[in-house]
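Position 130 of the sequence shown, counted from 1, bears residue number 129 in numbering that gives the first Met the number 0, the numbering being contiguous throughout.
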Amino acid sequence: MYSRKISAAVLTVGSLFAGWHASSFAFDAASFEFATGNKSKIARVGAQWDWANQWFSSNGTQLGGYWDLTGAQIRQNRYQDIAGNEKDIYDIGITPVFRFQSADKLGFYGEAGIGAHVFSSLYDNNHRRFSTAFEFGDHIGIGYVFSNKVEFGVKVQHFSNGGIKHPNSGANFAVAKVAYRF
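Shown next as structure tokens:
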């Protein structure tokens, strides 16, 4: 049941946002992320579409951005506050991300974004309980894009429903990212 809903959501969101890409429906980068925090582990795959606009271009740097469409598996290792009790949930997210980078998009960068995520069921792990399946996911990170277009990055991510409903304890994760830019 949930997998059908998730598949339909991915197709719908992907269709809506992929059409915004200026030149085609092809994505500009693909990524894999691994995260840990709050006695949980996250494995996430993503596709990114660069924005056509850049702002504050000066001295070979610019502020640009991209859309980040992701799917993740979240393993809760202390589900309902019981040691050793595990439960997997799944997440679909779309995030607009602002990135300060060099004009050629190589080298060091800093980025920040806040997006919408839908979980397959409620997160309830290690004294952190979400009351909604809809969550905001915000992050701040740094990284490096090599000349062969392989990217490595780290970021801190926070999930919260923004006070829509209580409890809203939120959860923080340390994230490692590897991506390839096409």
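Note that beta-carbon positions come from the ideal geometry of N, C-alpha and C, so glycine has one too. Keep in mind it's a predicted model, so treat the numbers as computed, not measured.
Alpha carbon of residue i to alpha carbon of residue j, nearest angstrom
i, j, result
"Val177", "Ser146", "14 Å"
"Gly114", "Ala82", "31 Å"
"Ala111", "Pro166", "26 Å"
"Asn52", "Lys164", "36 Å"
"Arg128", "Ser57", "45 Å"
"Lys38", "Asn125", "7 Å"
"Gly162", "Gly136", "13 Å"
"Phe86", "Val153", "The residue asked about is misnamed: residue 86 is Lys in this sequence, not Phe. Approximately 26 Å, taken between the alpha carbons."
"Trp54", "Arg43", "29 Å"
"Ser130", "Leu121", "7 Å"
"Glu65", "Asn84", "The sequence given here places Tyr at residue 65; Glu does not occur at that position. Using only the alpha carbons, I get a separation of about 37 Å."
"Trp48", "Ser168", "31 Å"
"Glu150", "Ala71", "19 Å"
"Ile88", "Val117", "10 Å"
Coarse secondary structure for residue i, derived from DSSP in three states
i, result
"Arg77", "coil"
"Phe24", "coil"
"Tyr179", "strand"
"Trp50", "coil"
"Phe145", "coil"
"Trp105", "One detail in the question is off: residue 105 reads as Leu in this sequence, not Trp. Here Leu105 sits in coil by DSSP."
"Lys164", "coil"
"Ala82", "coil"
"Tyr122", "coil"
"Lys38", "coil"
"Ala132", "coil"
"Gly45", "strand"
Neighbourhood of residue i by C-beta, 6 Å cutoff - its chain only, sequence neighbours within 5 removed
i, result
"Tyr108", "Arg98, Gln100 and Gly142"
"Thr94", "Asp67, Gly112 and Gly114"
"Thr69", "Arg43, Gly45 and Gly92"
Presumed contact (8 Å Cβ cut-off) between residue i and residue j, rounded CB distance
i, j, result
"Ala173", "Thr35", "6 Å"
"Arg180", "Ala46", "About 12 Å separates the two Cβ atoms, so there is no contact after all."
Cβ-based neighbour list, residue i, same chain, cut-off 8 Å, excluding 5 preceding and 5 following
i, result
"Gly140", "Gly109, Glu110, Ala111, Gly152, Val153, Lys154, Val155, Val174 and Lys176"
is_contact[residue i, chain C] using C-beta, thresh 8 Å
i, result
"Ala132", "Of the chains in the structure shown, none is chain C; there is only one protein chain."
Own chain, CB closer than 7 Å to residue i, minus 5 neighbours either side, in chain order
i, result
"Gly106", "Tyr143 and Val144"
"Trp50", "Gly63, Gly64 and Tyr65"
"Lys148", "Tyr179 and Arg180"
Contact test: residue i Cβ vs the ligand MG heavy atom, cutoff 7 Å
i, result
"Lys154", "The ligand MG is not part of the structure shown, which contains no ligands of any sort."
Touching by the beta-carbon criterion (3+ pairs, under 8 Å), the stretch 77-91 and the stretch 51-62: no
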